[in-house]
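Down below is the structure, laid out as structure tokens.
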Amino acid sequence: MEFASVITVRDCVRTERGNVDATPVERFCRWQNSSKYVLEMFPETVQTRGYWSNTVALVVILLAFFILTLLFHAISQSRRSEEKRRIAS
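Sequence positions in the sequence shown follow this note's numbering and run 681 to 769.
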């Protein structure tokens with residue numbers, strides 16, 4: 681998982697674990713680079729949350745909308761054809 685920058689933060693001398701009162705707030709940094717931030721926020725041990733179940737749910741919803749759209753279209757077409765028959769006779 682190497683999509684974040686590994687460039688170190690400039691003047692990063694203070695962390696949350698030590699030297700809390702020794703340096704000014706402007707020089708505070710928790711992560712030395714963005715890769716460490718990403719690894720803390722999204723550790724490699726975390727499993728994705730139902731990727732396949734979410735994909736299946738999305739496909740089912742899309743198919744339901746498609747079928748519903750076809751149904752509404754067929755109903756409106758049958759009403760139009762009935763109106764045409766009434767006008768013609």
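Every residue gets a Cβ at the ideal spot worked out from N, C-alpha and C, and that includes glycine.
All values reported here derive from a predicted model rather than from experimental measurement.
In whole angstroms, give me the CA-to-CA distance for residue i and residue j.
i: CYS709; j: PRO723; result: 20 Å
i: ARG729; j: THR735; result: 11 Å
i: LEU751; j: LEU742; result: 14 Å
i: PHE746; j: ALA754; result: 12 Å
i: LEU748; j: VAL726; result: 38 Å
i: SER758; j: TYR717; result: 60 Å
i: SER761; j: VAL739; result: 33 Å
i: ALA744; j: GLU763; result: 29 Å
Exposed or buried, residue i, counting other C-beta atoms within 10 Å across all chains shown (16 or more means buried)?
i: GLU682; result: Unreliable placement is indicated for GLU682, whose pLDDT of 49 sits below 50; the coordinate value is still reported in the next sentence. So GLU682 ends up on the exposed side.
Check whether the Cβ atoms of residue i and residue j lie closer than 8 Å to each other.
i: TRP732; j: GLU720; result: no
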